């Protein structure tokens, strides 16, 4: 029986967090993009201070630019594309990423189509530090480190852990049965996409079964915890805000 026909969904949106399942995705054209549909997963309209969305690019699609003052992080979920920026071109494939600082003129094109995950945030410059630079890389090239000494929880940082940056995007990989060591409660907010495997995520007093394709918004001070379940490894991509005064 198809329970969606009877108004059932795994999605749940609360005041301080949201669980967005693929069963409720709605596509709409992305403003400024050509031949591209978007799925907005997280946005300021739910209380977040960043946006997270899919860009579903057809063959021959061309990206648009973010708003003035907005930085962009791109993760290639499926397919291939070419990024042109700062006088150079970069080939992007599955698990490639690119960070485009605010007001950098850049363009993403694809000949055969691709699926991108994008995080965008207004950049808050910190006095005494230079504007961040363009970063392009691939997950396979980024060092992985045990999280808090647990070899079963491997963390990769895609952006420099440096005060010049006001956001971070990381990839967290869990061996089967590995949990986070404690329930976290902090000022940082997160946007998260489950990319492999699954488990259980606690947000506030809600417990969500997670599988690949599920997305989360975690607001500031929302208690959060994850435990990986199943035989394959589990993995998620996530955003956080960093290095800025809480009164700013």
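Numbering (my numbering), first residue to last: 10 to 257. Idealized CB from N, CA, C, for every residue including glycine. Keep in mind it's a predicted model, so treat the numbers as computed, not measured.
Out of 222, 239, 101, the CA that lies nearest to the CA of residue 184 is found in 239. Exposed is the label assigned to residue 215, since fewer than 16 other Cβ atoms lie within 10 Å of its Cβ. The C-alpha of residue 172 is placed about 9 Å away from the C-alpha of residue 134. For the 8 Å CB-CB criterion, residue 178 and residue 233 do not form a contact. Residue 209: member of the beta strand (DSSP E) spanning 207 to 212, first to last residue.
The continuous beta strand (DSSP E) containing residue 65 extends over residues 60 to 71. One thing to note: residue 224 has its Cβ no nearer than 8 Å to the Cβ of residue 207. CA-CA distance, residue 61 to residue 90, rounds to 19 Å. Taking every protein chain shown into account, the CB of residue 81 has 16 or more other CB atoms within 10 angstroms, so this residue is buried. A straight-line Cα-Cα distance of about 36 Å links residue 112 and residue 213. Residue 87 sits close to residue 124, with the two beta carbons spaced by under 8 Å.
Across the structure, residue 46 and residue 118 are spaced so that their CA atoms are roughly 14 Å apart. Taking all protein chains in view, the Cβ of residue 76 is surrounded by fewer than 16 other Cβ atoms within 10 Å, so the residue is classified as exposed.
Short of 7 Å from the beta carbon of residue 103, and not among the five residues preceding or following it, lie these beta carbons of its own chain, in chain order: 85, 87. Counting other Cβ atoms within 10 Å of its Cβ, residue 130 reaches 16 or more and is therefore classed as buried.
Proximity of the stretch 24 to 36 to the stretch 160 to 172 falls short of the contact definition, fewer than three beta-carbon pairs being nearer than 8 Å.
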